[in-house]
Structure formats: C-alpha cells, structure tokens
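Novice:
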Ligand code: PNS
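Residue numbers (this note's numbering): 173 to 338.
#1: With 16 as the cutoff for other CB atoms within 10 Å, does residue 242 come out buried or exposed?
#2: Fully enclosed by the segment 244-309, which alpha helix (DSSP H) runs are 4 residues long or longer?
#3: Within 10 angstroms of the Cβ of residue 269, are there 16 or more other Cβ atoms? Answer buried if so, exposed if not.
#4: Considering residue 204, what are the terminal residues of the beta strand (DSSP E) in which it resides?
#5: So if DSSP puts residue 241 in a beta bridge, which residue, or which two residues, is it bridged to?
#6: Is there contact between the segment 216-234 and the segment 261-281, where contact requires at least three CB pairs shorter than 8 Å?
Below you can see the structure in the form of structure tokens.
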C-alpha cells in the first residue's frame, strides 16, 4: 500500500491545498494530510481547529486521513511507515524554500522523497496568508477557499474583533 504524507500549516486550508489533495489520491492508495504544529508560530486557527476544518472539507474524498503532529516531519513519516512527502509548487518563488526543505528532509532520512505537484493555474496565486488578509479587510474570499472555510474564517475574524473591542 502506497501511503503519502501531505504536510503543511494549513492555516486555513485553501482551494489550492484541496486541489493537491484531490490529485494526490489518484496517485496514492492513502494520503495523510498532516498539520505540522509550529510552537513558535501561533497562527489564526489552533492546530485542532485546522484539523477539524480539513476533515470537514475532505469528508467525501476516500483514502484521506487528517492528523496533526508536533516534531520533525521525518519522524512522523517513520511513524506512519511512509517515505513520500507531497508538496504543492505554485511559482518559481516557492522553489528555493521547498528545495531547501526537501534537501533537509532527505538529509535527515535518506529514504524520504519529496514529490512536487504543480498547482492548477487558477490556484497559482493562492496562499493561506493572502486569503486571511483579504478576509480581514472584508474582501471576497469565495472561490479561494471551500465554503465552510470561508464561513469559519469570517467567524474567527469576528471573534478576534470582539476580543480586541474593534
Ligand atoms: O505550509 P508550510 O508552512 O509551507 O509548511 C511547512 C512545513 C510545516 C511542512 C515545515 O515547516 C515542516 O515540515 N515542519 C516540521 C518540522 C520539520 O520537520 N522541519 C525540518 C524541515 S525544514
């Protein structure tokens, strides 16, 4: 059974991520979408909220599991008995960062291979950060994220505004 891991911050999941997931399940028997917890970066959604959101988004896609992990990606891979990391590549600007990560992971564990999937043209400009910024300033994010994500993102921003007293 060929199991691949699709890691990321997913704060929150976008249509670009979803596109990579849908295409990856055509190539692998199982895809584990993994929210890597970065203790130095708080993020907008908590890791648990991100996992729940992804689970809602992928509920109808067979052979996808969603988990979170605190630690090195290569250790998670070992735990899951997988040696394939899937990453999406949007533009040349992604290349250097992704190239470095692929080399580090391969250096940490020579069995681990990173496979890159080019994002679809319509998602090539999309990132979680830009989606959050558009949402913060009440811009239209429909078409950038799944409907449930747009709803929960708006609710989260409202919640933060109330706490801050804006
Ligand atoms: O969505 P992102 O922020 O580009 O994902 C980056 C991520 C989470 C995949 C990367 O930071 C990661 O693998 N973190 C886990 C810690 C680790 O293994 N670091 C060594 C490789 S740089």
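Where is the CB? At the ideal position from N, CA and C, for every residue including glycine.
Specialist: Once the coordinates are examined:
#1: exposed
#2: 245-252, 264-280, 300-308
#3: exposed
#4: 202-208
#5: 208
#6: no
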